[in-house]
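Chains as they are written, first to last, in this note's numbering: chain H, 161 to 638; chain F, 161 to 638.
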């Protein structure tokens with residue numbers, strides 16, 4: 161068939177002109193978004209130890225995706241959580257506030273349980289709410305643990321959607337099954353029947369599966385996250401992917417089961433790592449990587465009484481449930497190609513800093529009508545300074561201030577190991593003093609050599625204690 | 161001046177033809193070398209712990225060059241030394257044999273001292289001798305500790321040249337100075353006057369400096385190594401750079417002193433790291449990087465009684481002087497761009513494997529008239545297999561077999577911590593049993609659950625013991 165070439169050219173020109181506004185519009189939108197509203201992906205593990213990733217020194221767990229994230233992004237070696245157990249740590253991340261300020265920390269019940277009637281108060285402002293106010297699409301996928309009643313679920317706290325187990329994966333335990341710790345002690349590859357833990361999966365506010373098939377839970381969380389990213393590729397988004405694992409009971413999908421050298425614990429971490437790889441690959445495929453900040457960390461240190469089913473804090477002391485470094489310092493990665501200068505960051509940071517930092521990056525306003533315990537890390541993240549605005553951390557356990565860190569100095573007012581296995585509780589008239597730069601393992605108490613330092617830390621702790629107003633406790637309601 | 165253009169062309173042609181054989185010869189030599197004889201650089205530290213590098217998880221020591229080496233090359237997480245203290249470990253590296261086989265290990269004197277009359281026997285064949293036999297230029301720079309009398313020095317063992325302190329940097333101690341451990345306990349930044357340790361620097365066989373200026377020793381070792389590489393760029397070479405540090409007493413050069421967050425110990429590691437960067441940069445500048453295998457490791461684990469002046473084994477148990485993993489597993493890197501597939505290697509390897517491996521790569525013949533304890537890692541290094549020829553390690557301490565590892569299983573026949581601070585010596589009728597894959601920290605003795613495994617390990621250990629012929633002890637001669 162012969163077509164007049166002039167006609168072809170004319171048609172092409174017409175199409176081009178017709179399409180131009182659309183093409184230009186898209187480009188403009190992308191440029192505007194890149195400059196104004198980055199996406200945020202927070203991948204949050206449960207009971208992952210400081211030493212459990214390859215890039216943080218584990219010898220038998222393979223984490224090539226997280227290792228790559230560390231090299232392409234920033235590996236933070238002094239990054240903390242707001243509490244040494246689940247519920248309060250999650251409250252801290254999402255609100256930028258110490259959980260002692262909003263009733264999410266208790267000496268009587270350390271976390272929320274299936275019979276709990278409390279949860280994160282409606283008056284609290286979460287990262288999701290802050291970002292929503294400036295047009296973000298928001299999703300929570302995975303473990304919530306800030307109240308499983310409808311009024312406390314993610315959809316009541318600024319998330320457009322929720323899909324996950326609303327508390328720990330070892331809750332709703334059914335009688336008549338073998339004791340997990342005892343079985344774990346005997347078999348590093350053991351996994352329990354899923355019927356042993358009758359935990360639900362909730363979609364928004366409705367139970368959609370019970371017991372949750374935990375063998376596939378890590379994969380499904382990753383898939384839900386990727387689905388959300390694909391669905392919201394054209395608008396700014398925030399997705400909070402909170403894995404239930406490696407909290408016990410441990411389960412890995414078929415692709416990973418029995419594959420690691422570290423038993424099922426390693427299989428679990430390798431599956432999480434693989435999921436991280438898929439999330440990053442999706443961002444790259446959609447060309448969103450240059451406009452998305454991905455943060456990887458965990459809620460608290462390794463749960464040590466579970467033998468090889470618990471993780472490792474590496475060279476840090478103790479683990480979950482304690483205010484030693486192993487309980488509250490987490491292996492943390494920030495990834496944002498083209499924006500973050502790759503390398504190791506040894507300055508202090510904490511999950512509570514994410515709220516003010518995300519607000520700045522998104523052009524949102526962080527709450528100003530209440531005390532925030534988070535600092536805006538933007539200047540440090542973007543390389544405008546080498547100094548962190550965070551120079552201190554307050555280590556609360558249950559309802560008491562156990563320790564304080566200022567710069568490299570850490571004073572312990574009370575020390576106590578993990579329940580059942582660690583050292584007994586001890587109150588110190590003269591605090592123990594450690595220099596976390598010289599002595600990251602908290603081995604050498606040098607209080608006797610630095611009385612001035614102690615005085616300063618005691619004063620800072622006292623001032624901080626004075627700033628706390630006690631409020632209604634949410635964890636004891638049932 | 162006018163010159164006939166034909167004449168110019170004729171001259172140029174003549175020069176070109178005259179130079180051609182030389183040019184071609186050089187190219188041919190380079191091609192042949194690239195295919196046949198790679199260079200070897202071994203950088204060996206002293207008392208560096210498994211957890212002391214950034215890429216092995218240290219939170220406050222910056223090692224960007226070693227981290228880069230880990231990413232561009234291979235990070236080995238199950239790489240061992242042949243003994244848990246200095247002299248025997250070095251003998252093992254250089255001969256590919258357990259020191260119990262050549263009298264370089266003793267229960268009475270654990271290492272050589274300035275009053276020692278013994279050393280590595282002339283009958284032993286070192287890596288340097290093996291490589292020399294196929295035309296390599298060889299140099300030893302740094303700590304020797306295999307005999308300081310002329311007949312034992314590097315120049316008597318296959319090295320063309322030597323420059324360094326012939327034993328540990330805390331020897332030849334002069335009376336009247338403060339106790340190092342006590343001072344170190346008080347001050348993480350302390351360094352002793354160099355006069356406190358009257359150690360010599362020997363060039364080939366002559367003392368050229370005494371006391372050695374240890375403030376500049378790390379820098380000078382690096383410089384000597386680079387000088388050797390430049391001088392021998394056109395022939396195959398082997399250089400053994402054995403740093404005296406971070407063995408105590410600690411010293412750092414001006415550029416690094418006070419710069420790390422880890423006190424002087426960190427300053428020292430950061431200076432070593434910087435030196436590694438300079439060596440790699442030199443190889444790249446000279447275009448030798450594609451033809452040079454660089455290996456970085458250390459002689460044994462951290463020396464724990466020295467407070468913050470000792471290193472950290474990370475998540476591994478105990479340190480120097482012990483047969484726990486912290487005593488004998490080292491942070492090890494292999495770098496050979498274009499030849500080694502980058503990544504993490506979790507298979508077993510050991511310093512004793514370097515001799516047979518280098519021999520294969522260099523086309524030299526490894527000694528066949530004696531028992532070698534090293535395995536040829538070439539197929540694994542080059543990616544031809546994922547299985548290490550080394551599936552076992554024998555952990556000797558002094559003159560007894562304390563433990564054996566086969567695959568992931570490790571049986572302890574005798575356990576004992578570091579002298580003075582670790583657990584007391586204990587012989588076990590039923591060995592303790594650990595699974596180093598599931599439990600790299602040797603926390604959970606599972607002997608009671610695996611009696612078959614114990615039997616197998618006991619039999620392998622017994623067979624190994626039978627293979628040892630006791631010889632004249634070199635360490636007790638004085």
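Note that the Cβ used here is the ideal one computed from N, Cα and C, for glycine as well.
Asked                                                                                                                                                                        : Found
Buried or exposed: where does residue 581(H) fall if 16 or more other Cβ atoms within 10 Å of its Cβ makes it buried?                                                        : exposed
What does residue 288(H) reach in chain F if we use C-beta pairs closer than 9 Å?                                                                                            : None at all; the shortest Cβ gap to chain F is about 31 Å.
List the residues of chain H whose Cβ lies closer than 7 Å to the Cβ of residue 216(F), in chain order.                                                                      : 217
If residue 545(F) and residue 496(F) are in contact, beta carbons under 8 Å, what's the gap, nearest whole angstrom?                                                         : Going by Cβ atoms, the distance from residue 545(F) to residue 496(F) rounds to 17 Å, so no, they are not a contact pair.
How big is the Cα-Cα spacing for residue 463(H) and residue 241(H)?                                                                                                          : 15 Å
Indicate whether the contact test is met: 3 or more Cβ pairs, each with one atom in the region 243-252 of chain F and one in the region 438-452 of chain F, closer than 8 Å. : no
In its own chain, which residues sit with a C-beta less than 6 Å from the C-beta of residue 363(H), not counting the 5 before and 5 after it?                                : 323
Determine the DSSP secondary structure at residue 425(F), reduced to helix, strand or coil.                                                                                  : helix
Given a cut-off of 7 Å, decide if residue 512(H) and residue 536(H) are closer than it, judged by their beta-carbon atoms.                                                   : no
Can you tell me which residues form a DSSP beta bridge with residue 292(F)?                                                                                                  : Looking at the DSSP assignment, residue 292(F) forms no beta bridge with any residue, so it has no partner.
To which residues of the same chain is residue 614(F) closer than 8 Å at the C-beta, ignoring the five residues directly before and after it?                                : 571, 590, 591, 593 and 607
Does any CB atom of chain H fall closer than 7 Å to the CB of residue 572(F)?                                                                                                : no
Which residues, in chain order, does the region 590-602 of chain F contribute to contact with chain H at a C-beta distance below 9 Å?                                        : 595, 596, 597, 598, 599, 600 and 601
Between which two residues does the beta strand (DSSP E) containing residue 321(F) stretch?                                                                                  : 321-324
Determine, for residue 385(H), whether the minimum Cβ-Cβ distance to residues of chain F falls below 7 Å.                                                                    : no
For residue 348(H), would you say it is in contact with chain F, using Cβ-to-Cβ distances shorter than 7 Å as the test?                                                      : yes
Taking the CB atoms as reference points, tell me whether residue 631(F) and residue 278(F) lie closer together than 7 Å.                                                     : no
What's the call for residue 576(H), buried or exposed, on a 16-neighbour Cβ count within 10 Å?                                                                               : buried
For a minimum of 3 consecutive residues, which ranges assigned as the beta strand (DSSP E) are wholly contained in the region 191-273 of chain F?                            : 199-205 and 234-240
Please report the distance separating the alpha-carbon of residue 492(F) from that of residue 209(F).                                                                        : 11 Å
Have a look at 326(H), 301(H), 507(H) and 282(H) and flag the residue whose alpha-carbon is nearest the alpha-carbon of residue 568(H).                                      : 507(H)
Once DSSP output is grouped into helix, strand and coil, what is the label at residue 509(H)?                                                                                : strand
Helix, strand or coil for residue 591(H), going by three-state DSSP, please let me know.                                                                                     : strand
Using only the alpha-carbon positions, how far apart do residue 419(H) and residue 201(H) sit?                                                                               : 28 Å
How many angstroms separate the CA atom of residue 602(F) from the CA atom of residue 585(H)?                                                                                : 26 Å
Please check if any C-beta of chain H sits within less than 7 Å of the C-beta of residue 265(F).                                                                             : no
Output yes or no for whether 7 Å exceeds the beta carbon distance between residue 426(H) and residue 461(H).                                                                 : no
Taking its Cβ as the centre, do 16 or more other Cβ atoms sit within 10 Å of residue 459(H), making it buried, or is it exposed?                                             : buried
Residue 423(H) versus chain F: which residues are under 9 Å apart at the beta carbon?                                                                                        : 595, 597, 598 and 599
In the region 470-482 of chain H, which residues sit with their C-beta less than 7 Å from some C-beta in chain F, listed in chain order?                                     : 472, 474 and 475
So which residues of chain F does residue 467(H) contact, with C-beta pairs closer than 7 Å?                                                                                 : 604
Look up residue 456(F) in the DSSP assignment and say whether it is helix, strand or coil.                                                                                   : strand
What does the alpha-carbon distance come out to for the pair residue 633(F) and residue 265(F)?                                                                              : 7 Å
Exposed or buried, what is residue 525(H) when buried is set at 16 or more other beta-carbons lying within 10 Å of its beta-carbon?                                          : exposed
So, with DSSP's three-state summary, where would you put residue 315(H)?                                                                                                     : helix
Ignoring anything shorter than 3 residues or poking outside the region 391-439 of chain H, list the beta strand (DSSP E) runs there in chain order.                          : 397-402
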